[in-house]
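Visitor: In our numbering, the protein residues as written are 49 to 203.
1. Please state the DSSP three-state secondary structure of residue 47.
2. What is the DSSP secondary structure of residue 148, reduced to helix, strand or coil?
3. Check whether the region 156-163 and the region 179-195 are in contact - that is, three or more C-beta pairs closer than 8 Å.
4. Quick check on the burial criterion: 16 or more other C-beta atoms within 10 angstroms. Buried or exposed for residue 131?
5. In the structure shown, what three-state DSSP assignment does residue 65 receive?
6. Over what stretch of residues does the alpha helix (DSSP H) that includes residue 180 continue unbroken?
7. With distances taken from CA atoms, which of 143, 56, 78 and 73 is nearest residue 125?
8. Between residue 148 and residue 116, how many whole angstroms is the CB-CB distance? I'm expecting something under 8 Å.
9. What would DSSP say about residue 90, mapped onto helix, strand or coil?
10. Would you check if the distance between the CB atom of residue 133 and the CB atom of residue 76 is smaller than 9 Å?
11. Suppose you measure from the CA of residue 144 to the CA of residue 178; what does that come to, to the nearest Å?
12. Can you tell me which of 108, 137, 79 and 78 puts its alpha carbon nearest to the alpha carbon of residue 119?
13. If distances are taken between C-alpha atoms only, which option among 142, 79 and 64 comes closest to residue 49?
14. Would you report the Cα separation of residue 185 and residue 113, rounded to the nearest angstrom?
15. Span of the alpha helix (DSSP H) holding residue 124?
16. Should residue 141 be listed as close to the ligand NAD, given that the test is whether its C-beta is under 8 Å from any heavy atom?
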């Protein structure tokens, strides 16, 4: 029998991630697993916006972290009705796929549940899909969730 005791769910707070969260929540409930919610604030994104118009207008990382934790808590309160599910929140800074892999190793997770869409357009062409990189490098099984209505188009 497969044991799933720890599930990692990386989120970017997008509609795609919110859809995938239902799967992570179902697995956590079914297996009695601890659910780790992770959001990664990208350094590149942080630095690119920090000096728009040569004036530092971006909040500090600590402020961004607090805002994301608040957003994550509100999301949990809205989406999780079963208080028996143990949830741990984490905010990290760096490249999303690297931080996801690192946390999976650190916490020795048994399953990663991730949405297949996040970045789009030119960003996807330049940097690739976070979900794709996680699938390739993950130390554990990965369940990738696609939004309904997104069809495969052969390149």
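We treat Cβ as the ideally placed atom computed from N, Cα and C, and that holds for glycine. Predicted, not measured: the structure shown is a model, and the values here were computed from it.
Guide: This is what the structure holds:
1. In this structure the chain extends from 49 to 203, so residue 47 is not present and cannot be described.
2. Residue 148: helix per DSSP, three-state reduction.
3. yes
4. exposed
5. helix
6. Counting along the chain, the alpha helix (DSSP H) containing residue 180 begins and ends at 178-185.
7. For the residues 143, 56, 78 and 73, the minimum Cα distance to residue 125 belongs to 73.
8. The Cβ separation is near 15 Å, so there is no contact.
9. coil
10. yes
11. 7 Å
12. 137
13. 79
14. C-alpha of residue 185 to C-alpha of residue 113: approximately 26 Å in a straight line.
15. 109-127
16. Inclusion of the ligand NAD in the displayed structure is not the case, the ligand content being empty and no account of it being possible.
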